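Keeping their order, the protein sequence lines are chains A and B. Residue numbering for the first sequence is 2 to 206, as defined by the working numbering. Residue numbering for the second sequence is 2 to 206, as defined by the working numbering. Working notes, structure below.
Number of protein chains: 2
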Amino acid sequence: MSDLILHQDPRSGNCYKIALTAALLGIPLTIRDYDIMKGETRTPDFLADVNGNGRIPVLQIGDKFLPESNAACWYLAQGSPLVPDDRFQQADVLRWMFFEQYNHEPNVATLRFWLRFIGQDKLSDAQQAQIPAKRAAGDAALKLMDGHLARNDWFVGEGATLADIALFAYTHVCEQGSFALDDYPAVRRWLARMAAQPGFVAMEQ
Amino acid sequence: MSDLILHQDPRSGNCYKIALTAALLGIPLTIRDYDIMKGETRTPDFLADVNGNGRIPVLQIGDKFLPESNAACWYLAQGSPLVPDDRFQQADVLRWMFFEQYNHEPNVATLRFWLRFIGQDKLSDAQQAQIPAKRAAGDAALKLMDGHLARNDWFVGEGATLADIALFAYTHVCEQGSFALDDYPAVRRWLARMAAQPGFVAMEQ
Chain A
2 MSDLILHQDP RSGNCYKIAL TAALLGIPLT IRDYDIMKGE TRTPDFLADV NGNGRIPVLQ
62 IGDKFLPESN AACWYLAQGS PLVPDDRFQQ ADVLRWMFFE QYNHEPNVAT LRFWLRFIGQ
122 DKLSDAQQAQ IPAKRAAGDA ALKLMDGHLA RNDWFVGEGA TLADIALFAY THVCEQGSFA
182 LDDYPAVRRW LARMAAQPGF VAMEQ
Chain B
2 MSDLILHQDP RSGNCYKIAL TAALLGIPLT IRDYDIMKGE TRTPDFLADV NGNGRIPVLQ
62 IGDKFLPESN AACWYLAQGS PLVPDDRFQQ ADVLRWMFFE QYNHEPNVAT LRFWLRFIGQ
122 DKLSDAQQAQ IPAKRAAGDA ALKLMDGHLA RNDWFVGEGA TLADIALFAY THVCEQGSFA
182 LDDYPAVRRW LARMAAQPGF VAMEQ
């Protein structure tokens, strides 16, 4: 058993980022599964012991807890080729990881969660009202990615980095949120490059 | 003139993070101001030359452009005490920076922008409808920070890091977005510690 424990829901792309990072680096993780649809990350024990924010993933390192998917990936990948040493490239990896959390995940991942896991007929009026804006913002994020990937094989430098892992997680299942990968041919080719990486593991869904 | 150019709107807390990081580290920046209220970051030239995402801040380093406030701070602060070398602490700094962009900024900064710079009477119906949810989520973020700061002087380790800078930017002006600092006494004490840091500069507003 690894002393690194990933507290996760396997359907979450944010959790998958960490599992994929560990797989590409050959780092074993112990997995603890929670069902977010049943509120298992909002119990008093979870809030007190794992994450007061009530969210997964959390990477547990001994008696320390690290929330935020991209921070957990960073913990695992420091010193590996997934985090470039070059000063600009390292910051540029973070540039795409912050873009992912601010412009991509709240739109692409949220629509997947609403449409695939909750179901459009069960959404609140407030959620229904947000769908057009989230679809437009998600398409804008995918378009920006496609433009970059039409000129570059990877987001930063000449190989896969955490920027690619962070953006792969929800992009490769974006059609579950009603986005059309056919609109983004350079993204589609990059998804295939990612899936061909040595050690790659697919997401459970 | 510095060869580091900050493309910014001085009223933006995201831009201020970079200016504050540079000031605490004694790094000179050349400033280029844009007025986001007049669409100056959506012109064809800006989109082509500075940031296809149409957003500021962007840190220009020679002929390279780095969007995303927290990534720009990282570029400036690598190798300084603002980015700890320790593996867990470095990831933990990023944990708070991702929390800032995901849980804090879209609520605390957005309400400030809507209420102070647009004006409540000029908001769209969709924006009006989102105010209660954004206020609740912003208060949840401030409450989580207050709980941490009741037990710790700083977000990570024994001194200020980029985690503190990222969270300071919009927290110290949160009352402009209708949040009440009196509800968060540990946050208020931490704001005073930040303002007493050598080299600290105040935000233009």
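Beta carbons are placed, not taken as given, at the ideal position from N, Cα and C, and that holds for glycine. Predicted model, so just to flag it, every value in this text is computed and none were measured.
Proximal residues, the stretch 81–109 of chain A versus chain B, C-beta separation under 9 Å: Residues passing the 9 Å Cβ filter: Arg88, Phe89, Gln91, Ala92, Asp93, Val94, Leu95, Arg96, Trp97, Met98, Phe99, Phe100, Gln102, Tyr103, Asn104, Glu106 and Pro107.
Proximal residues of chain A, C-beta to C-beta of Tyr171 of chain B below 9 Å: In chain order: nothing, as chain A lies at least about 13 Å away.
DSSP state of Arg33 of chain A mapped onto helix, strand, coil: Residue state for Arg33 of chain A is assigned as strand, using DSSP reduced to three classes.
Bounding residues of the alpha helix (DSSP H) (the contiguous stretch that carries Ile19 of chain B): Looking at the DSSP string, the run of the alpha helix (DSSP H) that includes Ile19 of chain B is Gly14 to Leu26.
Extent of the continuous alpha helix (DSSP H) to which Pro133 of chain B belongs: Annotation: the continuous alpha helix (DSSP H) that includes Pro133 of chain B extends over Asp126 to Arg152.
Contact between the stretch 127–135 of chain A and the stretch 58–72 of chain A (3+ Cβ pairs under 8 Å): The stretch 127–135 of chain A vs the stretch 58–72 of chain A: no contact.
Range covered by the alpha helix (DSSP H) that runs through Ile166 of chain B: Start and end: Leu163 to Thr172.
Start-to-end residues for the alpha helix (DSSP H) that takes in Pro68 of chain A: Run containing Pro68 of chain A: none in the alpha helix (DSSP H); it sits in the beta strand (DSSP E), Lys65 to Pro68.
Interface residues of chain A facing Leu67 of chain B [CB-CB closer than 8 Å]: Under the 8 Å cutoff, chain A gives Phe89, Ala92, Asp93 and Arg96.
DSSP state of Gln177 of chain A mapped onto helix, strand, coil: Correct three-state label for Gln177 of chain A: helix.
Short-range partners of chain B found in the stretch 118–131 of chain A, where Cβ spacing is below 7 Å: Residues of the stretch 118–131 of chain A with a C-beta atom less than 7 Å from some C-beta of chain B are Ala127 and Ala130, listed in chain order.
Nearest to Pro107 of chain B (by Cα), restricted to the options B:Ser13, B:Ala161, B:His149 and B:Met38: It is B:Ser13.
Residue-level contact to chain A via CB, Leu145 of chain B, 7 Å cutoff: Taking Cβ atoms only, chain A reaches closer than 7 Å to Leu145 of chain B, which makes this a yes.
From A:Phe99, A:Gly63 and A:Ala78, residue whose alpha carbon lies closest to that of Ile6 of chain A: If we check each option's Cα against that of Ile6 of chain A, A:Gly63 comes out closest.
Gln9 of chain A - partner residues in DSSP beta bridges: Its beta-bridge partners are A:Asp34.
Contact the stretch 189–203 of chain A vs the stretch 28–48 of chain B: 3+ CB pairs below 8 Å: Proximity of the stretch 189–203 of chain A to the stretch 28–48 of chain B falls short of the contact definition, fewer than three beta-carbon pairs being nearer than 8 Å.
Sufficient close CB pairs (3 or more, under 8 Å) joining the stretch 91–101 of chain B to the stretch 111–125 of chain A: Touching, no.
Leu60 of chain A - DSSP class collapsed to helix/strand/coil: Looking at Leu60 of chain A - three-state DSSP - the assignment turns out to be strand.
Start-to-end residues for the alpha helix (DSSP H) that takes in Asp46 of chain A: The continuous alpha helix (DSSP H) containing Asp46 of chain A extends over residues Pro45 to Asp50.
Environment of Ala170 of chain B [buried if 16+ CB atoms lie within 10 Å]: Answer is buried; the Cβ neighbour count reaches 16.
Nonlocal neighbours in the same chain, by C-beta distance under 6 Å from Leu143 of chain B, ignoring five residues either side: Once the five neighbours on either side are set aside, the close Cβ partners of Leu143 of chain B are Tyr185.
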